[in-house]
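Numbering (our numbering), first residue to last: 516 to 923.
Here it is as structure tokens:
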């Protein structure tokens, strides 16, 4: 009896979504693909930094990757119309092939910066059509009352993989070479496709069979989705603050490779600093999984924006070294907390017919803000040095104070 009681207590301590086999299979497969992308991202950012010595050149990786994601709400519309499982499998296979080509170029030492940029565009296309579908099926494999823990587990897994990949992966790349990241990433795409293949009834549209995609209908549904979002201030206003915050503070994380290279650091230094940011993101996702954004999410987001602005100011004057890990950790936490809250809020408040479209818009806000930050900050750092980030931090701090005052 005591043994059964102990087993029961152990099982109850495991988060509810993890006790569901379908969630575990989806979660582990897609998490492997995410980790592979992050491993390649670490390698290719360092590669471009060493080839060009330019912050803007490094920033273009994220910017070009975001171009397809300007249309990610269309991906959400498409995800509402088709079999999401088949869509995810198809694009995982595209990712495997594209990454294998880049891996071969790195292996034979024929890689050029434009090859990395081309892969970034392909990866952006994958995100365009896969991310909205995945965010929806992730919330469909669990009951409604387990959605927020499921989203938090997914975000925490992504951030954990970022900590491990950046910390341990940078050491591996230092001794085994950058090619390793590209080869492993191609393999993880195949792992994700295999996990999705086993979930035969996942991702089908409710009520009928997948429909043929009609361009006019896609555009009409997109406009309808944007109009719906405009009528939902509890979703829209926090999302706008997420966009502004990521645009301003994102470069401190996204341009780390160029910053570390300019300061004379190594890829191991880059990995440790990036890992600290990822650790902060893990804490932020875990917190958001346990607690909601409250009755006034817009004000809470503004408070987090003020904290982020202060962290950027500290980082500007302490860009490399053990002390620099603290402000980077602070920057990671608010961003991922908001990502969890935004996704959960849509599931809780939006009508079922608009789920994929609004999830796509949240992804676009995060990714587009980050990429725009790469452009303005990359050009500014190349021209004026790292102190250019302090100006952005001042703007964010002022905006946050205004919102906090208004939303008392």
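Positions of the beta carbon are idealized from the N, C-alpha and C atoms, including for glycine.
In the pairwise beta carbon analysis, the region 792–812 is classified as touching the region 676–692: at least three pairs are separated by under 8 Å. The beta carbons of residue 589 and residue 883 sit no closer together than 8 Å. When the alpha-carbon of residue 551 is set against those of 701, 766, 596, the nearest one is in 701. DSSP places residue 802 in the uninterrupted alpha helix (DSSP H) bounded by 782–805.
Residue 827: member of the alpha helix (DSSP H) spanning 812–832, first to last residue.
In this structure, the alpha-carbon of residue 650 lies about 27 Å from that of residue 818. Listed in chain order, the alpha helix (DSSP H) elements of length 4 or more contained wholly in the region 633–694 are 662–691.
For residue 861, the enclosing alpha helix (DSSP H) covers residues 840–864.
Excluding sequence positions up to five before and after residue 776, its CB lies within less than 6 Å of the CB of 564, all in the same chain and listed in chain order. Straight through space, the alpha carbons of residue 844 and residue 634 are spaced by roughly 29 Å.
582 is the residue among 898, 582, 890 whose C-alpha sits nearest the C-alpha of residue 642. With respect to the C-alpha of residue 790, the residue from 686, 773, 778, 714 having the closest C-alpha is 686. For residue 579, the closest alpha carbon among the candidates 918, 885, 897 is that of 885. Counting only residues of its own chain and dropping the five nearest sequence neighbours on each side, residue 869 has a CB closer than 7 Å to the CB of 740, 743. Residue range 536–567 is occupied by the alpha helix (DSSP H) that includes residue 549. Approximately 7 Å separates the beta-carbon atoms of residue 557 and residue 786; this is inside 8 Å, confirming the contact.
Taking C-beta atoms as the reference points, residue 656 and residue 806 fail to come closer than 8 Å. Under the 8 Å Cβ criterion, the region 844–858 counts as touching the region 658–667, having at least three qualifying pairs. Around the beta carbon of residue 895, 16 or more other beta carbons sit within 10 angstroms, so the residue counts as buried. Here residue 753 carries a helix assignment [DSSP, helix/strand/coil].
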